[in-house]
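Visitor: One structure, pasted below without further comment.
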Amino acid sequence: MKFRIRLASAVLGVLALSGLGSAAGAYTPIVSGAIGAKYYSMGGPSSQLGQPLWNEYPVTGGAQQEFQGGIIFWSPVGGAHPLWGAIENKWYAGHEAGWPVRDEEPLGGGAIAQHFTNGTMYYTPQIGLHYIGAGIREAWWNKGGQTGVAGYPVSDEGYWYAGGAVQAFQGGTFYFTPQYGTRLLQGAIRWEYERSGGYFYLGRPVTDEYSANALTRAQRFEDGIIYWSNGRIWTERY
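Right, here's the structure in full:
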């Protein structure tokens, strides 16, 4: 964000020195097409985006135009959508999210989300901003998303062993592996898995938590099963 603004100032300074920024020939960026339609639907210069800094220009797979308060991206996949503030900064920092496919969406309580081709960014005032990749996101949505058992993400997705991924949420941790998909560990079973050595003791999670019988919860891993019942937890290794 700061780099973009400094670069914009430098470009406008060059235009001024060249005479293109003078009163006789002021540089006025053009906002048109799909990006222009989005910009003016938001209120144009009076919106959070403010004035355009320069004309739209092509980028790989689409186009973008930068403004005082953010940027609008256009792609054939997602159409035209703005990015600004913390989400814009995180998008530039990581760039694995892909193209925006929706505008920011309010979720209540000051929380917001923005969806991209490869995942979603979620922000809450209490936890901050975190990115969920599409694989873990689908499993999280299937369990109710932010209103389900897992709640909001409290970390970004990280790499895990053997080509896997891991991400912590308020109510549990999702583990992804190519062999077994995305599995949620929560509560006492998550605590026992991590305490006992995790991947190095039990291997990768094979199932989600399930009912072994009317009084017992269990979760299966490559090298054993963790059981919980009436406050007691134990592991059976293969």
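When the letters of the sequence shown are read in order and numbered with mature numbering (1 follows the signal peptide of the UniProt record, and there is no 0), they come out as residues -23 to -1, 1 to 215. Just so it is clear, CB atoms sit at the ideal spot from N, CA and C, and this is done for glycine as well.
1. Which runs of the alpha helix (DSSP H) spanning at least 4 residues fall entirely within the stretch 22 to 87, listed in chain order?
2. According to DSSP, is residue 172 part of a helix, a strand, or is it coil?
3. Take residue 148 as the anchor and find which of 154, 137, 160 and 127 has the nearest alpha-carbon.
4. Nearest CA to the CA of residue 48: which residue from 176, 29 and 6?
5. Tell me the residue span of the beta strand (DSSP E) that contains residue 160.
6. For residue 79, which residues of its own chain have a beta-carbon under 8 Å away from its beta-carbon, when the five flanking residues on both sides are left out?
7. Looking only at its own chain, which residues have a Cβ that is under 6 Å from the Cβ of residue 180, when we skip the five neighbours before and after it?
8. From the DSSP output, read off the bridge partner residues of residue 99.
9. The beta strand (DSSP E) that contains residue 189, what's its start and end?
10. Using only the alpha-carbon positions, how far apart do residue 183 and residue 203 sit?
11. Nearest by alpha-carbon distance to residue 15: which of 31, 174, 60 and 101 is it?
12. Assuming residue 110 contacts residue 134 under a Cβ cut-off of 8 Å, what Cβ separation, rounded to an integer in Å, is found between them?
13. Assuming residue 136 contacts residue 145 under a Cβ cut-off of 8 Å, what Cβ separation, rounded to an integer in Å, is found between them?
14. Let me check one thing: in DSSP terms, what residues is residue 202 bridge-paired to?
15. In chain order, what residues of the same chain lie with their CB nearer than 6 Å to the CB of residue 37, ignoring the 5 residues before and after it?
16. Since residue 64 contacts residue 106 with CB under 8 Å, what's their CB separation in whole angstroms?
17. Pull up the DSSP beta-bridge partners for residue 144, would you.
18. Go through its chain and collect everything with a Cβ distance to residue 1's Cβ below 8 Å, but skip five positions before and after it.
19. What do you get for residue 20, buried or exposed, if any count of 16 or more other CB atoms within 10 angstroms of its CB means buried?
20. What does the Cβ neighbour count give for residue 73, buried or exposed, with the cut at 16 atoms within 10 Å?
21. Can you tell which of 77, 100, 96 and 76 has the C-alpha that lies nearest to the C-alpha of residue 87?
22. Does the beta carbon of residue 87 come closer than 8 Å to any beta carbon on chain C?
23. Give the DSSP-derived three-state secondary structure of residue 129 in the structure shown.
24. Which term fits residue 160, buried or exposed, when burial requires 16 or more other beta carbons within 10 angstroms of its beta carbon?
25. Which term fits residue -21, buried or exposed, when burial requires 16 or more other beta carbons within 10 angstroms of its beta carbon?
Guide: From the atom records:
1. The stretch 22 to 87 contains these whole alpha helix (DSSP H) runs: 62 to 71.
2. DSSP places residue 172 in helix when its eight states are reduced to three.
3. Distance from the Cα of residue 148 is smallest, within the candidate group 154, 137, 160 and 127, for 127.
4. The candidate whose alpha carbon is nearest that of residue 48 is 29.
5. 158 to 162 is the span of the beta strand (DSSP E), which, as asked, contains residue 160.
6. Once the five neighbours on either side are set aside, the close Cβ partners of residue 79 are 55, 58, 91 and 92.
7. 198, 199 and 200, listed in sequence order.
8. Beta bridge pairing from DSSP links residue 99 with 90 and 107.
9. Counting along the chain, the beta strand (DSSP E) containing residue 189 begins and ends at 187 to 190.
10. When the Cα atoms are used, residue 183 and residue 203 turn out to be separated by approximately 12 Å.
11. Checking every option, the nearest Cα to that of residue 15 belongs to 60.
12. Beta-carbon to beta-carbon, residue 110 and residue 134 are separated by about 5 Å, close enough to satisfy the 8 Å threshold.
13. A Cβ-Cβ distance of about 14 Å is found for the pair residue 136 and residue 145, leaving them out of contact under the 8 Å criterion.
14. BP columns for residue 202 point to 197 and 213.
15. Excluding residues within five positions, none has a Cβ falling inside 6 Å.
16. With a Cβ gap of about 7 Å, residue 64 and residue 106 count as contacting.
17. 151, per the DSSP bridge assignment.
18. With a pLDDT of 45 at residue 1, under the threshold of 50, the modelled position of this residue cannot be trusted; read the value that follows with caution. Excluding sequence neighbours, residue 1 sits near nothing in its chain.
19. By the neighbour-count rule (16 or more Cβ atoms within 10 Å), residue 20 is not buried but exposed.
20. By the neighbour-count criterion, in which 16 or more other beta carbons inside 10 Å mark a residue as buried, residue 73 falls on the exposed side.
21. Checked all of 77, 100, 96 and 76; the closest Cα to residue 87 is 100.
22. No chain C appears in the structure shown, which is made up of a single protein chain.
23. When secondary structure is reduced to three states using DSSP, residue 129 falls in the coil class, being assigned neither helix nor strand.
24. The C-beta of residue 160 has 16 or more other C-beta atoms within 10 Å across all chains shown, which makes the residue buried.
25. Since pLDDT at residue -21 reaches only 41, below the 50 mark, its modelled position is unreliable, and the value read off the structure follows with that caveat. With fewer than 16 Cβ atoms within 10 Å of its Cβ, residue -21 is classed as exposed.
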